[in-house]
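The structure appears right after this line, and notes come after that.
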Amino acid sequence: KKIIIIMFQRILLLTALFATSVGAFSPITHSNVAQTALKAAESEVSFGELIGKDARIGIIRTRWNDEHVTNLVSGVRKALEECNVDEDNIFETEVPGSFELPLAAKFLAMSGTVDAVICAGVLIKGDTMHFEYICDAVSKGIMNVGIQTNVPMVFGVLTCLNEEQVVKRSTGDSNHGYDWGKTAVEMALLRSEALGRLAAGGKGMGFGSATPLGTKTDVAPEEKKKVGFF
Numbered sequence: 001k002k003i004i005i006i007m008f009q010r011i012l013l014l015t016a017l018f019a020t021s022v023g024a025f026s027p028i029t030h031s032n033v034a035q036t037a038l039k040a041a042e043s044e045v046s047f048g049e050l051i052g053k054d055a056r057i058g059i060i061r062t063r064w065n066d067e068h069v070t071n072l073v074s075g076v077r078k079a080l081e082e083c084n085v086d087e088d089n090i091f092e093t094e095v096p097g098s099f100e101l102p103l104a105a106k107f108l109a110m111s112g113t114v115d116a117v118i119c120a121g122v123l124i125k126g127d128t129m130h131f132e133y134i135c136d137a138v139s140k141g142i143m144n145v146g147i148q149t150n151v152p153m154v155f156g157v158l159t160c161l162n163e164e165q166v167v168k169r170s171t172g173d174s175n176h177g178y179d180w181g182k183t184a185v186e187m188a189l190l191r192s193e194a195l196g197r198l199a200a201g202g203k204g205m206g207f208g209s210a211t212p213l214g215t216k217t218d219v220a221p222e223e224k225k226k227v228g229f230f
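In terms of this note's numbering, the sequence shown is residues 1 to 230.
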C-alpha cells in the first residue's frame, strides 16, 4: 500500500508540472496582442490648462527613423502651439541617432537658454542585443542630464518591438509627441516656480515660496539669451 501511495503522489506531481509547462508555452492569440498594443498606445495622462507663453522649449530629434520621428515632432509642436508657446522660444536641432541624444541635451541645458528639453527618437528591436543596450543607455543618460543640470528632460524615445507599434504611437490621436509637448511645458512651468521666477516673494508651502536661486527676473529684453546653442 505504501508503494502504491508513493507512486500515486508522483503521478499527481508530474501531472501538475506538465500542466504548468503547457500553460507557460501556450501561444498568445493575435487578438490579445492587438488589444494589448492598442491599450499601450493610447495616452493615459490628462493635462489641465497650460499657459506656456514664456516657456522656452528645446527639441532634439534623431535622423534615425526620420519619418516616424518627424511625426512625433509634429505632435510636440501641436501641443506647444496649444499651450501658446512662442515660436521664437522653440529651438529644434537634430543628431544622428538616439545614443547621441543625452550629450546633445546636456549641451543645450548648459547653454542656459531653455526651460525644458524634449529628446525625440525611435528605436525598433532587431535581431541582436543592440536594442537593449541602446535603450538602457539612452534612458539613463537623459534622466541623468535632467538631474545634473536642473533642466527638465522629456524622454521622447519610442522603444518598440516592431514598426507597427511605432505607427500606432506616432500618428493620429495616439501621437505620443503631443503628450511630450504638454509635459515639457508643465515641467518648464514647474521649474520656473521652483526657481522663484513666477512667484517671487510668494508665501506658503511648495515651489511658489521658493527663494530665487541666482535667477535674474529683471533682465532687459535686449540682454535675454536667444533660445538654442549660442
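Glycine included, each C-beta is placed from N, C-alpha and C at the ideal position.
What you are looking at is a predicted structure, and each value in this text was computed from that prediction instead of being measured.
Exercise. Would you say LEU195 reaches chain C, if we count a Cβ-Cβ gap shorter than 8 Å as a contact?
Worked result: Considering every chain present, this structure includes no chain C. It has just one protein chain.
For this session: Please list the segments of the beta strand (DSSP E) lying wholly inside the stretch 119 to 179, counting only runs of 3 or more residues, in order along the chain.
Result: 153 to 160
For this session: Assign ALA184 to one of three DSSP states: helix, strand, or coil.
Result: helix
Problem set entry | Residues that DSSP places opposite ALA116 in a beta bridge | ILE57
Problem set entry | Proximity below 8 Å, CB of ILE118 to CB of CYS83 | no
Problem set entry | Cα-Cα separation, GLU49 to ARG61 | 26 Å
Problem set entry | Under the three-state DSSP convention, the category PHE91 falls into | strand
Problem set entry | Anticipated Cβ contact below 8 Å, CYS160 with ILE134, distance rounded | Actually they are not in contact, since the Cβ atoms of CYS160 and ILE134 sit about 13 Å apart, beyond 8 Å.
Exercise. Should GLY206 go down as buried or exposed, given a rule of 16 or more other Cβ atoms within 10 Å for buried?
Worked result: For GLY206, the predicted structure reports a pLDDT of 49, less than 50, and the residue's modelled location is therefore unreliable. A value from the coordinates is still provided. Result: exposed.
Exercise. Is ILE147 near the ligand COA, judged by its Cβ being under 7 Å from some heavy atom?
Worked result: Absence of the ligand COA from the depicted structure is noted, as is the absence of any ligand whatsoever, leaving it without description.
Exercise. If you compare alpha carbons, which of ASN71, ASP54, ASN162 and PHE91 is closest to SER170?
Worked result: ASN71
Problem set entry | 8 Å Cβ cutoff met for PRO96 and ARG63 | yes
For this session: Could you tell me the distance, in whole angstroms, from the CA atom of GLU87 to the CA atom of GLU132?
Result: 36 Å
Exercise. Does the distance from the CB of ALA184 to the CB of VAL154 come in under 8 Å?
Worked result: yes
For this session: Could you check what DSSP says for GLY23 in three-state terms: helix, strand or coil?
Result: Any answer about GLY23 is weak, because its pLDDT of 46 lies below 50 and its placement is not dependable; what the coordinates show is given next. In the structure shown, GLY23 sits in a helix (DSSP, three-state: H, G or I).
For this session: Let me know if LYS182 comes out buried or exposed under the rule of 16 or more other beta-carbons within 10 Å of its beta-carbon.
Result: buried
For this session: Quick one: using the 10 Å Cβ neighbour count with 16 as the cut-off for buried, is ASN247 buried or exposed?
Result: This structure gives no information on residue 247, because the portion of the chain shown stretches from 1 to 230.
For this session: Sort VAL76, ASP127, PRO102 and VAL145 by Cα distance to ILE90 and report the nearest one.
Result: VAL76
Exercise. Who are THR62's beta bridge partners in DSSP?
Worked result: VAL95
For this session: Apply the 10 Å Cβ neighbour rule to SER192 and answer buried if 16 or more other Cβ atoms are within range, or exposed otherwise.
Result: buried
Exercise. What three-state label does DSSP hand ASP192 in the structure shown?
Worked result: According to the sequence displayed, residue 192 carries Ser and not Asp. SER192 falls in the helix class under three-state DSSP.
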